[in-house]
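Visitor: Quick one: the structure is below, and I'll ask about it shortly.
Residue numbers (our numbering), protein chains in the order written: chain A, 13 to 127; chain B, 465 to 574.
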């Protein structure tokens, strides 16, 4: 069966420090991968989307970046965190589909607090 | 881009009550998702539906494609149903990305 892992589960970082969040998926090949952020009191927002290794689409201009070094690994990074980067970060995956409704599966999330 | 509106924003019910959460969207879609976010933050996909009605246990989801509206019903609500329920749709037809509603926070009291 498929499993999605995220780490760390919680993170407290000072403003200006770097960030690296990792997501890995097991049990499937060539998934679409997503990074979402949920800021306090707000809905989920898509940050990055990837259809394959090295292929990243950025949805929202910001100081975050994403990379996909392996088929089932998705990394969210920042060189210098801002207070506004605080939030709950979720990784998700879906099976690429053509003309067929798809379903997204979410990881457990990382709660990031920038102080 | 699809605009997603959920109502109500907050809902408090007594155990056993019938619950309805509504979702409206602005652009035609291939499928709509209902998600459940637990107090710890974890998200579970409840339903993905493109027409008609789906039922899973005490949960029922309906969708009216023509009216661009979906409802999530919970029968015989229980305190363990307390969570945030989120509706999500593609931003436009054929997209695999999702646009999310702000969620409905449901609290079921014993």
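All C-beta atoms, glycine included, are put in the ideal place defined by N, C-alpha and C.
Small disclaimer: the values here were computed from a predicted structure and weren't measured.
Determine whether the Cβ of residue 511 of chain B lies closer than 7 Å to any Cβ atom of chain A.
Guide: Counting from 1 along the second chain, the entry for residue 511 of chain B is found at position 47. No, residue 511 of chain B does not count as interfacial toward chain A.
Visitor: Buried or exposed for residue 116 of chain A, going by 16 or more other Cβ atoms inside 10 Å?
Guide: Reading the first chain from its first residue, position 104 is the one you call residue 116 of chain A. It counts as buried.
Visitor: Need the endpoints of the beta strand (DSSP E) that residue 502 of chain B sits in, please.
Guide: The count along the second chain starts at 1 and reaches residue 502 of chain B at position 38. For residue 502 of chain B, no beta strand (DSSP E) run applies, since DSSP gives it neither H nor E.
Visitor: Residue 571 of chain B lies in the beta strand (DSSP E); which residues open and close that run?
Guide: The count along the second chain starts at 1 and reaches residue 571 of chain B at position 107. Run containing residue 571 of chain B: 568 to 573, per the beta strand (DSSP E) assignment.
Visitor: Report the residues of the region 42 to 71 of chain A with a CB closer than 9 Å to any CB of chain B, ordered along the chain.
Guide: 44, 46, 48, 50, 53, 54, 55, 56, 57, 58, 61, 63, 69 and 71
Visitor: Can you tell me the Cα-Cα spacing of residue 477 of chain B and residue 81 of chain A, whole angstroms?
Guide: Taking the first residue of the second chain as position 1, residue 477 of chain B is located at position 13. Taking the first residue of the first chain as position 1, residue 81 of chain A is located at position 69. Rounded to the nearest angstrom, the two C-alpha atoms are 47 Å apart.
Visitor: Please state whether DSSP places residue 543 of chain B in a helix, a strand or coil.
Guide: Looking up residue 543 of chain B in the second chain gives position 79. It is helical.
Visitor: What is the DSSP secondary structure of residue 95 of chain A, counted as helix, strand or coil?
Guide: Taking the first residue of the first chain as 1, we reach residue 95 of chain A at position 83. Secondary structure of residue 95 of chain A (DSSP, three-state): helix.
Visitor: Whose CA, out of B:494, B:563, B:536 and B:469, lies closest to the CA of residue 488 of chain B?
Guide: Start at 1 with the first residue of the second chain, and residue 488 of chain B comes out as number 24. Residue 488 of chain B has its Cα closest to that of B:469, out of B:494, B:563, B:536 and B:469.
Visitor: Going by DSSP, what residue range makes up the beta strand (DSSP E) through residue 561 of chain B?
Guide: Within the second chain, residue 561 of chain B is the residue found at index 97, counting from 1. Segment: none, residue 561 of chain B is in no beta strand (DSSP E) and carries neither H nor E.
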